[in-house]
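Scroll down for the structure; my scribbles are underneath it.
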Amino acid sequence: IKRSRGAITRTPESLSERWDLWRKIMTSDLEIINILERSPESFFRSSNNLNFNNLNLENNIKFFYSVGLTHKCLSRLLTNAPRTFSNSLDLNKQMIEFLQEVSLSLGYNKPRDFVRKIILKNPFILIQSTKRVKTNIEFLQSTFSLNNEKLLVLLCGPGAKILDLSNDYVNRNYTNIKEKLLFLGCTEEEIHKFILRYPDVIFLGEKKFNDKLDCLIEEKLSSISQIIENPRILDS
């Protein structure tokens, strides 16, 4: 109630209807309860007309199925990014259509398959703007000089996780990684290879990345060449 006052202002009937709609996606009531514990506002957030919001939720579910998203995709969305289902239908359409256009522009003529892969890798993408995602895609392609085929592989794989990040955050962390590794004697080619092997490194803030790297080298646990070749050692 503290996080979502709507919990005590909605009618039992409208909440029951909403629960039933969620239940069509999740396999058990317990799964819904777990989501409510983490994000109660995603269930209770609405305008004064909850019936309208239930209709919006139902329309979103129908739309997602109509564009080829599987039950597994919807379950992942509701579990990780439940706010997706509170988006207006038009907003979700914009992102799905944008991703389909990206797929076709990269020469991949299975846009539905492309969208499924992206969402399974990054369920948060539908609660971001197309502008943010577009900028991050352009950043990846231009920074690493990727042709369409290589960009497609990256986006359908580990690179998908980067797409919903703040553009400033991505640029700032990339710049820090590049400057740090150049200082340690790496070439730009080695740096690009390092990041493409381990795109998750972009998630590491400046201090965390630098501290991890310094610790591994100073404690002689790894050399810089070993880190470049096996970047997941940073997970340790």
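Under the numbering used here, the first residue of the sequence shown is numbered 43, with each subsequent residue one higher. Note that the Cβ used here is the ideal one computed from N, Cα and C, for glycine as well.
> When DSSP labels each residue in this structure, what does G227 get in the three-state scheme?
Replying inline: coil
> Contact check, T172 vs F140 under 8 Å by CB: the rounded distance?
Replying inline: 4 Å
> Given that a residue counts as buried once 16 or more other Cβ atoms are within 10 Å of its Cβ, and exposed if not, what is G201?
Replying inline: buried
> Between the C-alpha atoms of N122 and T112, what's the straight-line distance to the nearest angstrom?
Replying inline: 16 Å
>> Is it the case that the stretch 245 to 252 contacts the stretch 206 to 220, given that we only count it when at least three CB pairs across the two stretches are under 8 Å?
In response: yes
> Counting Cβ pairs, one atom from each stretch, are 3 or more of them under 8 Å apart for the stretch 187 to 205 and the stretch 148 to 157?
Replying inline: yes
>> For I74, which residues in the same chain have their Cβ closer than 6 Å to its Cβ, ignoring the five residues on either side in sequence?
In response: W64 and M68
> Under three-state DSSP, which class holds E261?
Replying inline: coil
>> Tell me the DSSP secondary structure of I219 in three-state form.
In response: helix
>> Within a Cβ cutoff of 7 Å, which residues of the same chain sit near S46, ignoring the five residues on either side of it in sequence?
In response: Its pLDDT being 48, under 50, S46 is placed unreliably by the model, and the measurement read from it follows with that caveat. Within the same chain, S46 has close Cβ partners P82, E83, F86 and R87.
> By the 10 Å Cβ neighbour count, where 16 or more other Cβ atoms means buried, how is E55 classified, buried or exposed?
Replying inline: exposed
> Beta-carbon of L226 versus every beta-carbon of chain E: anything under 8 Å?
Replying inline: You won't find chain E in this structure, because it holds only one protein chain.
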